[in-house]
Amino acid sequence: MTVTLGEVVAALEARYDPVLAEDWDAVGLVCGDPDEPVQRVLFAVDPVSAVVDEVVGTGAQLLVTHHPLFLTPVHGVPAGDPKGRLVHRLVRAGAGLFVAHTNADRAPDSGVNDALAAALGLRGTTPLQPAATDPRAGLGRIGRLPEALTLQQFADLVATALPDAVGGVRAAGDPGRRIETVAVCGGSGGSLLPTAAAAGADVLLTSDLRHHPVSESQEVPGPAVCDVAHFASEWPWLPVAADVLRRDLGGRVEVAVSHRRTDPWTCSAGGAAAGAGRLSG
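To get this note's numbering, take the position in the sequence shown, counting from 1, and add 279.
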């Protein structure tokens, strides 16, 4: 039985309610005809040219991304503009683009943060910052590891559980500190550090952390901090979302997950172990 794009969008929005999105966010259908049939859906973190290549190459009729293509108002999508070019390529290929961003972050059960917590094996997870409309939804998650680890062991677990990225995994705190209660927030979640501290977390895992807030956090009682690539923290959602869509539509659409690493960092050099002492010179 043929599934239309409109039916796919309805299934996605039932899981990732647009009401959960931030006011500044841009979620939902970016391009595509709701009456057109969809046989194959590709899930990716970023709507970039390499992912659109994959859409065209695989013949997918819909690309679902976590990050929006447009976050600021636009007055046109000419093909000479980098983002406009992506829209033109998708339309010419007969493919739509759908975005689930902060609504997917907050969504219960099959959202970004539940997927991240599951990738680390956390148990008994609840939202770190519950949504007012649904206590099962909200930003971040907090739960417990199956058994306590040191901070160094936890960083090793994260490195194993999440996709590789050039920046690797960084942690702030005593490497021997006992870690049992873990708070996570996919993407840029540094603002949740006070919330994680108030919730009794031993560590907060998130991305895009800045020097001064991390430094200051380690001067007072509170959680250790674990910083990973933005892309790596959100990728675990893709197979979860793909499987949920397939099941919600009774297997009537084929789903696939992009394994292209769209983390923008491509190389690194140097690096020093923590506690290496004084700088030379």
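Note that the Cβ used here is the ideal one computed from N, Cα and C, for glycine as well.
It should be emphasised that the depicted structure is a prediction, and the values quoted were computed from it without experimental measurement.
Note that the C-beta distance between Gly417 and Pro406 is below 7 Å. Per DSSP, the continuous alpha helix (DSSP H) segment holding Ala521 begins and ends at Trp516 to Asp527.
Residue environment analysis places Thr412 among the exposed positions, since fewer than 16 neighbouring C-beta atoms fall within 10 angstroms of its C-beta. Following the DSSP letters along the chain, one finds Ala450 inside the beta strand (DSSP E) bounded by residues Arg449 to Ala451. Between Leu308 and Val288, the C-beta spacing is below 7 Å. Buried is the label assigned to His345, since at least 16 other Cβ atoms lie within 10 Å of its Cβ.
Three or more Cβ pairs drawn from the region 450-459 and the region 493-508 lie within less than 8 Å of each other, which places the two stretches in contact. Per the C-alpha coordinates, the member of Leu428, His538 and Gln408 positioned closest to Ala478 is Gln408. C-alpha of Gly419 to C-alpha of Ala398: approximately 14 Å in a straight line. For Cys505, the beta-bridge partners assigned by DSSP are Ala450 and Leu484. Relative to Cys310, the option among Trp544, Leu284, Ser512 and Gly359 whose CA is nearest is Leu284.
Put simply, the region 335-352 touches the region 376-392. At least three CB pairs are less than 8 Å apart. When only Cα atoms are considered, Thr404 and Ala290 end up about 25 Å apart. Taking C-beta atoms as the reference points, Val391 and Glu301 fail to come closer than 7 Å. Assigned with DSSP and collapsed to three states, Thr545 falls in coil, not helix or strand. Looking at the DSSP output, Pro406 sits in a beta bridge with Arg420. Note that the C-beta distance between Ala521 and Val534 is below 7 Å.
Rounded to whole angstroms, the Cβ separation of Ile458 and Val482 is 5 Å, and the two are in contact under 8 Å. One thing to note: Ser389 has its Cβ no nearer than 7 Å to the Cβ of Val298. Separation of the CB atoms of Thr429 and Arg456 is rounded to 7 Å, and the pair is thereby assigned contact status at 8 Å.
Here the C-alpha atom of Leu517 lies approximately 12 Å from the C-alpha atom of Leu342. About 6 Å separates the Cβ atoms of Leu441 and Val507, confirming a contact at the 8 Å cut-off.
Under the three-state reduction of DSSP output, Glu286 falls in the helix class.
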